[in-house]
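Read through the structure below, which is laid out as structure tokens, and then see the notes.
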Amino acid sequence: MQDDEIPDWVRLKVSEWMRSDSSPDSRIDDEVQDKVDRWIEKFAHDSGVGKRFYCRTGLVFFPWLDCEVDDGDWVRELRLAIGNDLVIVSRDKKVAVAFFQEEYEYLAFSMAQ
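With the first letter of the sequence shown counted as 1, position 28 gets the number 45 in our numbering; the numbers rise by one all the way through.
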């Protein structure tokens, strides 16, 4: 999927979340990676992302990956492939969540339209 297929509110919200003065909806220390993976999975699920979603890749020609996940290690696999900063948009494009790794913690943000 291309960037122009993502709603404007998602791009605006992600820009807002990336500012240093933004307040996260949740945070966790980064000491135990398995715990971080479970936290990300639960936060995304509780936010209403669902099992099929789009994930930002950071690539110019393939900016969004269409993902369908099960109850496995999908967070670990995404983090290995894309990195620790994840932006996820639900399949219906009504929910967005983002996870950013900071120096000693991870921050999570969510927004629903």
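Heads up, the beta-carbon is just placed ideally off N, CA and C, and yes, glycines get one too. Just so you know, these numbers come straight off a predicted model, no measurement behind them.
When the beta-carbon positions are compared, Tyr71 and Met35 stay at least 8 Å from each other. Ile99: not part of any beta strand (DSSP E); member of the alpha helix (DSSP H) spanning 91-99, first to last residue. Note on the region 25-60: whole alpha helix (DSSP H) runs with a minimum of 4 residues are 25-34, in chain order. Runs of alpha helix (DSSP H) with 4 or more residues, each lying fully within the region 66-130, are found at 91-99, listed in chain order. Just measuring C-alpha positions, the residue of Glu94, Leu82, Asp109 sitting nearest Arg55 is Glu94.
In the assembly as shown, Tyr121 is an exposed residue. Its beta-carbon has fewer than 16 other beta-carbons within 10 Å.
Within a 10 Å sphere around the beta-carbon of Ser64 sit 16 or more other beta-carbons, which makes this residue buried.
Excluding five sequence positions before and after Thr74, the CB atoms of its chain that fall closer than 7 Å to its own CB belong to Pro80, Trp81, Leu82, Ile99, given in chain order.
With contacts defined as CB atoms closer than 8 Å, Phe78 and Val114 fail to qualify as a contacting pair.
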